[in-house]
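Please read the structure below before turning to the comments.
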Amino acid sequence: MKKIQVLIIILLLFLINTGFSNTLSDPSYYHILNDINTLSSFYPRIENSKGESDTIAFIENRLQAGDIKYKKYDLSKSSVVKSGSVTIDAVIPGKSGNEVFLIFPLNHTKDAPPGRDGGANLAAALALTEE
582 MKKIQVLIII LLLFLINTGF SNTLSDPSYY HILNDINTLS SFYPRIENSK GESDTIAFIE
642 NRLQAGDIKY KKYDLSKSSV VKSGSVTIDA VIPGKSGNEV FLIFPLNHTK DAPPGRDGGA
702 NLAAALALTE E
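Residue numbers 582 to 712, in the working numbering, belong to the letters of the sequence shown in order.
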């Protein structure tokens, strides 16, 4: 729990310090809300579901539209992990030469109710690709 709190604080500080969203009237704020609504429409996003497939397609379309290089890894072919899902590794070049890794889950547990399914986390991740 403490690690999650630290990651959230780091993400918020990053967003504030980069001038990502200074006011609620900032267009990026509405873009995030729109993405949350879109991702919520894919509920449920459990592993191997249509919702998960729709989410993956949505993310890939956004990355392609932003000309962001990415790789998709099919976890069903992994000898280490037993999963039918995928991971998407997007690379967003920075200016300093350092790397920052942000990890966001595509799907949620079967018992996660709508609105608590992590859609906002994915919307935040997609917003970072816009910057």
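Cβ atoms here follow ideal geometry from the backbone N, Cα and C, with glycine treated the same way.
- In this structure, DSSP gives A646 a helical state, which the three-state scheme calls helix.
- Contact annotation: V667 and Y654 have beta-carbon atoms nearer than 8 Å.
- Residue L620 holds the alpha-carbon nearest to the alpha-carbon of S634 among T710, L620, G647, D692.
- Excluding sequence positions up to five before and after Y624, its CB lies within less than 7 Å of the CB of G632, P695, D698, all in the same chain and listed in chain order.
- Counting other Cβ atoms within 10 Å of its Cβ, L687 reaches 16 or more and is therefore classed as buried.
- The Cβ neighbour count for L614, taken over all protein chains shown within 10 Å, is under 16; the residue is labelled exposed.
- Taken through DSSP and simplified to helix, strand or coil, D635 comes out as helix.
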